[in-house]
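**Q** Quick one: the structure is below, questions incoming.
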Amino acid sequence: MLYLVTVLFVVGMTWLMVWYMRVQHIFTRHPTYEEYVEKHPDARTMRHHGADCVHCGSDRVGLWTLGGANDHRRLMACGSCGEGLFRRDKGNVYSMPAPFYAMLMGD
Numbered sequence: 518m519l520y521l522v523t524v525l526f527v528v529g530m531t532w533l534m535v536w537y538m539r540v541q542h543i544f545t546r547h548p549t550y551e552e553y554v555e556k557h558p559d560a561r562t563m564r565h566h567g568a569d570c571v572h573c574g575s576d577r578v579g580l581w582t583l584g585g586a587n588d589h590r591r592l593m594a595c596g597s598c599g600e601g602l603f604r605r606d607k608g609n610v611y612s613m614p615a616p617f618y619a620m621l622m623g624d
């Protein structure tokens with residue numbers, strides 16, 4: 518019985534580590550918002566998400582939480598073509614990006 522519990526524990530922990538590493542890889546392979554708009558300046562918008570999809574031109578950009586509701590890793594993705602666009606890893610993901618806030622405030 519102890520053998521079975523040990524095997525299940527090891528298999529479960531291995532699965533959790535593989536899952537975490539996969540989610541982390543998905544998250545880190547996408548650029549940050551700043552890197553995204555620097556590479557694609559024509560995608561920048563005044564909407565709450567801050568940028569449109571450069572793959573299909575859609576403005577339907579949504580939020581994917583990668584590890585559940587309490588996870589800080591968020592991926593902004595196109596709602597039309599499904600491509601991941603950029604990542605947000607802390608703070609309020611729907612807050613207006615700093616350059617647009619400064620532009621609106623006249624700074």
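When we follow our numbering, the leftmost residue of the sequence shown carries the number 518, and every step to the right adds one.
Note that beta-carbon positions come from the ideal geometry of N, C-alpha and C, so glycine has one too.
The model shown is predicted, which means the values in this text are computed figures rather than measured ones.
In the DSSP assignment, the alpha helix (DSSP H) including R577 goes from what residue to what residue?
**A** Note, R577: premise wrong, no alpha helix (DSSP H); not H, not E.
**Q** Specify the secondary structure class of Y611 as computed by DSSP and reduced to three states.
**A** Residue confidence is low: Y611 scores 47 on pLDDT, short of 50, so the model does not pin down where it sits. Its coordinate-derived value is still stated next. Residue state, collapsed to three classes: coil.
**Q** Determine the extent of the alpha helix (DSSP H) in which R539 is found, giving its start and end residues.
**A** Looking at the DSSP string, the run of the alpha helix (DSSP H) that includes R539 is L519 to T545.
**Q** What residues are listed by DSSP as bridge partners for M593?
**A** The partner list for M593 (beta bridge, DSSP) reads L580 and F603.
**Q** Since V578 contacts M593 with CB under 8 Å, what's their CB separation in whole angstroms?
**A** With 8 Å as the limit, V578 and M593 qualify as a contact, their Cβ atoms being about 5 Å apart.
**Q** Kindly indicate which three-state DSSP category A586 falls into: helix, strand or coil?
**A** If DSSP states are grouped into helix, strand and coil, A586 belongs with coil.
**Q** Answer with yes or no whether the minimum CB distance from Y537 to chain C is below 8 Å.
**A** In summary, chain C is missing from the structure at hand, where a single protein chain is found.
**Q** Between S597 and C573, what straight-line distance do the alpha-carbon atoms span, to the nearest angstrom?
**A** Their backbone Cα atoms lie some 8 Å apart in a straight line.
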